[in-house]
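Once you know that position 118 of the sequence shown is 118 in the UniProt record's numbering, the rest is easy, because the numbers rise by one and skip nothing. Note that the Cβ used here is the ideal one computed from N, Cα and C, for glycine as well.
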Amino acid sequence: MDIKITNGTLTATINPQGAELNSLKDTNNEYIWEGNAKFWGKHSPILFPIVGTLKNNSYLYNGQVHALTRHGFARDNAFSVKTQADDSVAFTLSDSSDTLKVYPFKFELELTYTLKDKTLYLDYTVTNKGEAAMPFSLGAHPAFALPENFSNYSLEFEKAEPLVSTQLKNDLLSDKTVTLPAEGGVLPLSYELFENDALIFKQLESKSVTINKNNQGYIKVSFADFPHLGIWTKQDAPFLCIEPWQGFSDPESTFGNLIEKQGIVLLEAGKQYKAGFSVQII
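If you want it as C-alpha coordinates, here you go:
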(Lines of atoms letter the chains of each structure in order from A and count residues from 1; the text may use other names and numbers.)
(Lines give C-alpha, C1' and ligand atoms only; values in the text may rest on other atoms or scores of the structure.)
Protein backbone atom coordinates (compact mmCIF):
# COMPACT_ATOMS: atom_id res chain seq x y z
CA MET A 1 0.00 0.00 0.00
CA ASP A 2 1.32 3.43 -0.94
CA ILE A 3 2.22 5.78 1.89
CA LYS A 4 1.20 9.44 1.85
CA ILE A 5 2.86 12.26 3.76
CA THR A 6 1.74 15.87 3.81
CA ASN A 7 2.55 19.17 5.44
CA GLY A 8 -0.57 20.98 4.26
CA THR A 9 1.27 22.56 1.33
CA LEU A 10 2.66 19.53 -0.45
CA THR A 11 1.60 15.89 -0.50
CA ALA A 12 3.96 13.08 -1.46
CA THR A 13 3.04 9.47 -2.20
CA ILE A 14 5.67 6.75 -1.93
CA ASN A 15 5.43 3.09 -2.92
CA PRO A 16 7.32 0.80 -0.50
CA GLN A 17 8.20 -1.31 -3.53
CA GLY A 18 11.50 0.34 -4.34
CA ALA A 19 10.68 3.16 -1.89
CA GLU A 20 9.73 5.00 -5.07
CA LEU A 21 8.23 8.48 -5.08
CA ASN A 22 5.08 8.18 -7.20
CA SER A 23 3.57 11.60 -6.64
CA LEU A 24 4.42 15.09 -5.41
CA LYS A 25 1.67 17.65 -5.68
CA ASP A 26 0.21 20.83 -4.29
CA THR A 27 -3.38 22.01 -4.69
CA ASN A 28 -2.83 22.87 -8.35
CA ASN A 29 -0.26 20.59 -9.94
CA GLU A 30 1.25 17.12 -10.01
CA TYR A 31 5.02 17.40 -10.36
CA ILE A 32 6.05 13.75 -10.75
CA TRP A 33 5.69 11.86 -14.03
CA GLU A 34 2.66 9.55 -14.10
CA GLY A 35 4.63 6.51 -15.26
CA ASN A 36 2.85 5.87 -18.54
CA ALA A 37 4.57 2.76 -19.91
CA LYS A 38 4.18 4.07 -23.45
CA PHE A 39 7.20 6.23 -22.68
CA TRP A 40 8.67 5.01 -19.39
CA GLY A 41 6.86 3.03 -16.73
CA LYS A 42 8.64 4.41 -13.67
CA HIS A 43 8.46 7.57 -11.56
CA SER A 44 11.56 7.97 -9.41
CA PRO A 45 13.61 4.80 -8.93
CA ILE A 46 16.52 4.45 -6.52
CA LEU A 47 19.86 3.54 -8.09
CA PHE A 48 21.89 1.22 -5.85
CA PRO A 49 24.42 -0.40 -5.56
CA ILE A 50 25.44 0.85 -9.00
CA VAL A 51 24.50 3.78 -11.20
CA GLY A 52 24.16 3.15 -14.91
CA THR A 53 25.37 0.10 -16.80
CA LEU A 54 28.27 -2.24 -16.15
CA LYS A 55 30.25 -3.51 -19.11
CA ASN A 56 28.70 -6.88 -20.01
CA ASN A 57 26.32 -6.29 -17.07
CA SER A 58 28.93 -7.77 -14.76
CA TYR A 59 31.86 -6.87 -12.52
CA LEU A 60 34.89 -8.44 -10.91
CA TYR A 61 35.36 -8.70 -7.16
CA ASN A 62 38.04 -10.81 -5.51
CA GLY A 63 38.65 -12.53 -8.81
CA GLN A 64 35.03 -13.63 -9.25
CA VAL A 65 32.56 -12.42 -11.85
CA HIS A 66 29.17 -11.20 -10.59
CA ALA A 67 26.19 -10.26 -12.77
CA LEU A 68 24.38 -7.02 -11.95
CA THR A 69 21.87 -5.29 -14.17
CA ARG A 70 21.57 -1.60 -15.01
CA HIS A 71 21.12 0.69 -11.99
CA GLY A 72 21.24 -2.21 -9.52
CA PHE A 73 18.50 -3.93 -7.55
CA ALA A 74 17.17 -1.48 -4.96
CA ARG A 75 14.40 -0.25 -7.25
CA ASP A 76 13.11 -3.83 -7.62
CA ASN A 77 12.93 -4.71 -3.92
CA ALA A 78 10.38 -4.05 -1.20
CA PHE A 79 11.54 -1.67 1.51
CA SER A 80 10.39 -1.74 5.12
CA VAL A 81 8.94 1.30 6.86
CA LYS A 82 11.23 2.29 9.72
CA THR A 83 9.48 5.42 11.00
CA GLN A 84 6.50 7.46 9.87
CA ALA A 85 5.01 10.83 10.77
CA ASP A 86 2.53 13.14 9.08
CA ASP A 87 5.20 14.90 7.04
CA SER A 88 7.98 12.29 6.84
CA VAL A 89 8.65 8.60 6.36
CA ALA A 90 11.82 6.50 6.45
CA PHE A 91 12.32 3.26 4.51
CA THR A 92 15.06 0.63 4.81
CA LEU A 93 16.40 -2.13 2.61
CA SER A 94 18.92 -4.68 3.86
CA ASP A 95 20.90 -7.44 2.24
CA SER A 96 19.15 -10.75 1.63
CA SER A 97 19.99 -14.14 0.20
CA ASP A 98 18.92 -12.81 -3.21
CA THR A 99 21.02 -9.64 -3.08
CA LEU A 100 24.06 -11.53 -1.81
CA LYS A 101 24.01 -13.67 -4.95
CA VAL A 102 24.69 -10.63 -7.14
CA TYR A 103 26.32 -8.27 -4.62
CA PRO A 104 28.28 -10.09 -1.89
CA PHE A 105 28.09 -7.37 0.75
CA LYS A 106 26.00 -6.89 3.87
CA PHE A 107 24.39 -3.48 3.91
CA GLU A 108 21.48 -1.33 4.97
CA LEU A 109 20.11 1.40 2.74
CA GLU A 110 17.84 3.94 4.41
CA LEU A 111 15.87 6.61 2.56
CA THR A 112 13.93 9.33 4.37
CA TYR A 113 11.38 11.60 2.72
CA THR A 114 10.58 14.85 4.56
CA LEU A 115 8.28 17.70 3.55
CA LYS A 116 9.02 21.21 4.75
CA ASP A 117 7.27 24.27 3.34
CA LYS A 118 7.42 23.84 -0.46
CA THR A 119 10.36 21.44 -0.49
CA LEU A 120 10.74 17.67 -0.42
CA TYR A 121 14.00 16.44 1.11
CA LEU A 122 15.36 12.99 0.27
CA ASP A 123 18.11 11.76 2.57
CA TYR A 124 20.06 8.53 2.11
CA THR A 125 22.16 6.57 4.58
CA VAL A 126 24.21 3.57 3.45
CA THR A 127 25.63 1.35 6.22
CA ASN A 128 28.32 -1.26 5.65
CA LYS A 129 27.31 -4.17 7.89
CA GLY A 130 30.11 -6.42 6.69
CA GLU A 131 33.72 -6.94 7.68
CA ALA A 132 35.36 -5.72 4.45
CA ALA A 133 35.26 -2.42 2.59
CA MET A 134 32.09 -2.17 0.48
CA PRO A 135 32.14 -0.60 -3.01
CA PHE A 136 28.89 1.02 -4.13
CA SER A 137 27.31 3.83 -6.07
CA LEU A 138 24.10 5.67 -5.26
CA GLY A 139 21.78 7.76 -7.37
CA ALA A 140 18.32 9.19 -7.82
CA HIS A 141 16.16 9.18 -10.96
CA PRO A 142 13.12 11.45 -10.39
CA ALA A 143 11.03 12.18 -13.47
CA PHE A 144 9.25 15.53 -13.43
CA ALA A 145 6.00 16.00 -15.32
CA LEU A 146 6.18 18.67 -18.04
CA PRO A 147 2.63 18.85 -19.40
CA GLU A 148 3.14 21.85 -21.70
CA ASN A 149 5.03 21.92 -24.99
CA PHE A 150 8.57 20.67 -24.27
CA SER A 151 10.10 23.78 -25.85
CA ASN A 152 8.34 25.94 -23.23
CA TYR A 153 10.84 24.65 -20.66
CA SER A 154 14.49 25.33 -20.01
CA LEU A 155 17.12 24.36 -17.46
CA GLU A 156 18.88 27.03 -15.45
CA PHE A 157 22.07 25.90 -13.75
CA GLU A 158 23.26 27.50 -10.55
CA LYS A 159 26.39 28.80 -12.27
CA ALA A 160 27.01 30.01 -15.80
CA GLU A 161 29.57 27.36 -16.72
CA PRO A 162 30.38 25.30 -19.81
CA LEU A 163 27.99 22.35 -19.88
CA VAL A 164 30.14 19.45 -21.06
CA SER A 165 28.25 16.17 -21.42
CA THR A 166 30.00 12.81 -21.80
CA GLN A 167 28.34 10.78 -24.52
CA LEU A 168 27.08 7.24 -24.18
CA LYS A 169 27.79 4.39 -26.56
CA ASN A 170 25.86 1.17 -26.08
CA ASP A 171 24.92 2.39 -22.57
CA LEU A 172 28.59 2.82 -21.61
CA LEU A 173 30.62 6.03 -21.33
CA SER A 174 32.53 6.87 -24.47
CA ASP A 175 35.56 9.13 -24.66
CA LYS A 176 33.56 11.72 -26.56
CA THR A 177 32.05 14.85 -25.07
CA VAL A 178 29.77 17.58 -26.35
CA THR A 179 29.43 21.14 -25.08
CA LEU A 180 25.77 22.10 -24.89
CA PRO A 181 24.35 25.37 -26.26
CA ALA A 182 23.70 27.18 -22.99
CA GLU A 183 23.93 30.92 -22.47
CA GLY A 184 24.33 32.31 -18.99
CA GLY A 185 23.75 28.88 -17.51
CA VAL A 186 20.37 28.48 -19.26
CA LEU A 187 19.80 25.51 -21.54
CA PRO A 188 16.63 25.57 -23.69
CA LEU A 189 15.05 22.13 -23.79
CA SER A 190 14.52 20.19 -26.98
CA TYR A 191 14.23 16.50 -27.71
CA GLU A 192 17.22 16.79 -30.03
CA LEU A 193 19.43 17.17 -26.94
CA PHE A 194 18.64 13.56 -26.04
CA GLU A 195 19.09 11.91 -29.43
CA ASN A 196 22.14 10.13 -27.99
CA ASP A 197 20.40 9.15 -24.73
CA ALA A 198 21.07 10.93 -21.42
CA LEU A 199 23.17 14.00 -20.80
CA ILE A 200 25.89 13.04 -18.34
CA PHE A 201 27.83 15.66 -16.41
CA LYS A 202 30.80 14.10 -14.68
CA GLN A 203 31.95 17.51 -13.45
CA LEU A 204 29.78 20.49 -12.56
CA GLU A 205 30.37 23.54 -10.43
CA SER A 206 26.62 23.99 -10.12
CA LYS A 207 24.94 22.24 -7.20
CA SER A 208 21.40 23.04 -8.25
CA VAL A 209 19.40 23.22 -11.44
CA THR A 210 15.99 24.81 -11.98
CA ILE A 211 13.38 23.77 -14.49
CA ASN A 212 11.92 26.99 -15.88
CA LYS A 213 8.50 27.07 -17.49
CA ASN A 214 7.96 29.96 -19.89
CA ASN A 215 11.10 31.57 -18.42
CA GLN A 216 9.75 31.39 -14.88
CA GLY A 217 11.04 29.14 -12.10
CA TYR A 218 9.04 25.94 -11.73
CA ILE A 219 11.01 23.17 -9.95
CA LYS A 220 14.45 23.45 -8.36
CA VAL A 221 16.60 20.39 -7.65
CA SER A 222 19.54 20.91 -5.27
CA PHE A 223 22.20 18.21 -5.01
CA ALA A 224 25.24 19.48 -3.06
CA ASP A 225 26.08 15.96 -1.84
CA PHE A 226 26.21 14.41 -5.32
CA PRO A 227 29.21 15.08 -7.60
CA HIS A 228 27.64 13.96 -10.89
CA LEU A 229 24.37 14.64 -12.69
CA GLY A 230 22.33 12.89 -15.35
CA ILE A 231 19.48 14.47 -17.33
CA TRP A 232 17.22 12.35 -19.50
CA THR A 233 13.95 12.04 -21.36
CA LYS A 234 12.57 10.10 -24.31
CA GLN A 235 11.40 11.39 -27.66
CA ASP A 236 8.04 13.18 -27.32
CA ALA A 237 7.71 12.20 -23.64
CA PRO A 238 6.20 14.89 -21.36
CA PHE A 239 8.74 14.48 -18.57
CA LEU A 240 12.34 15.25 -17.67
CA CYS A 241 14.56 13.29 -15.28
CA ILE A 242 17.09 15.21 -13.21
CA GLU A 243 19.34 12.61 -11.62
CA PRO A 244 21.84 13.34 -8.83
CA TRP A 245 24.50 10.63 -8.94
CA GLN A 246 27.41 9.29 -6.99
CA GLY A 247 28.77 7.12 -9.79
CA PHE A 248 27.94 6.48 -13.45
CA SER A 249 28.12 3.83 -16.17
CA ASP A 250 31.32 1.96 -16.92
CA PRO A 251 33.55 3.42 -19.61
CA GLU A 252 34.00 1.32 -22.73
CA SER A 253 37.61 0.61 -21.72
CA THR A 254 36.87 -0.79 -18.27
CA PHE A 255 38.32 -4.07 -17.03
CA GLY A 256 35.37 -4.44 -14.68
CA ASN A 257 37.04 -4.41 -11.25
CA LEU A 258 34.35 -2.96 -8.97
CA ILE A 259 36.87 -1.65 -6.43
CA GLU A 260 38.54 0.43 -9.16
CA LYS A 261 35.34 1.55 -10.91
CA GLN A 262 35.18 5.27 -11.70
CA GLY A 263 32.85 7.11 -9.32
CA ILE A 264 32.65 4.24 -6.84
CA VAL A 265 32.47 4.83 -3.08
CA LEU A 266 34.55 2.50 -0.95
CA LEU A 267 32.88 2.38 2.48
CA GLU A 268 34.85 0.93 5.37
CA ALA A 269 33.38 -1.86 7.50
CA GLY A 270 30.93 -0.56 10.08
CA LYS A 271 30.85 2.95 8.60
CA GLN A 272 27.99 5.00 7.15
CA TYR A 273 27.69 7.17 4.06
CA LYS A 274 25.12 9.97 4.02
CA ALA A 275 23.88 12.07 1.13
CA GLY A 276 20.74 13.93 0.21
CA PHE A 277 19.06 16.21 -2.30
CA SER A 278 15.91 18.30 -2.42
CA VAL A 279 13.07 19.19 -4.75
CA GLN A 280 11.63 22.67 -4.30
CA ILE A 281 8.38 23.77 -5.90
CA ILE A 282 8.78 27.41 -6.86
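Taking N264 as the reference, which of N36, G52, T13 has the closest Cα?
-> The residue given as residue 264 occupies position 264 in the sequence shown. Here the sequence assigns Ile to residue 264, which means Asn is not the residue at that position. Checked all of N36, G52, T13; the closest Cα to I264 is G52.
Integer Cβ distance of A145 from Y31, believed to fall under 8 Å | On the sequence shown, position 145 is the one that residue 145 refers to. On the sequence shown, position 31 is the one that residue 31 refers to. Correct: roughly 6 Å between the Cβ atoms.
Inside the segment 82 to 144 only - alpha helix (DSSP H) runs reaching at least 4 residues = 97 to 102
Whose C-beta lies closer than 6 Å to the C-beta of D95 among residues of the same chain, with five residues either side of it excluded?
-> If you number the sequence shown from 1, residue 95 lands on position 95. K106, F107, listed in sequence order.
Rounded to the nearest angstrom, how far is the Cβ of L199 from that of G230, given a contact under 8 Å?
-> Locating residue 199 in the sequence shown gives position 199, where the first residue counts as 1. Locating residue 230 in the sequence shown gives position 230, where the first residue counts as 1. Between G230 and L199 the Cβ distance is about 7 Å, and since that is below 8 Å, they are a contact.
For E161 and R75, believed in contact at Cβ under 8 Å, the rounded distance = Translated into positions along the sequence shown, residue 75 becomes position 75. Translated into positions along the sequence shown, residue 161 becomes position 161. Their Cβ separation, rounded to whole angstroms, is 31 Å, which puts R75 and E161 out of contact at 8 Å.
Given I211, which residues of its chain have a CB within under 7 Å of its CB, disregarding the five upstream and five downstream residues?
-> By one-based count along the sequence shown, residue 211 stands at place 211. Cβ within range, chain order: F144, Y153, L155, Y218, I219, L240.
Does DSSP put F194 in a helix, in a strand, or in coil?
-> Numbered from 1 along the sequence shown, position 194 holds the residue referred to as residue 194. DSSP places F194 in helix when its eight states are reduced to three.
With a threshold of 16 other CB atoms inside 10 Å of the CB of F255, please say whether the residue is buried or exposed.
-> To locate residue 255, count along the sequence shown from 1; it is residue 255. By the neighbour-count rule (16 or more Cβ atoms within 10 Å), F255 is not buried but exposed.
Reduced DSSP category for I259 - H, G, I as helix; E, B as strand; rest coil | For the purposes of this step, residue 259 is taken as the residue at position 259 of the sequence shown. It is helical.
Near S206, what residues of its chain come up, given a Cβ to Cβ distance below 6 Å and the 5 sequence neighbours on each side ignored?
-> Within the sequence shown, the letter at position 206 stands for residue 206. The residues are F157, E158, K159.
Using a threshold of 7 Å, state whether the C-beta atoms of N128 and L267 are closer than that.
-> As a working note, residue 128 is residue 128 in the sequence shown. As a working note, residue 267 is residue 267 in the sequence shown. In contact: N128 and L267 (Cβ atoms closer than 7 Å).
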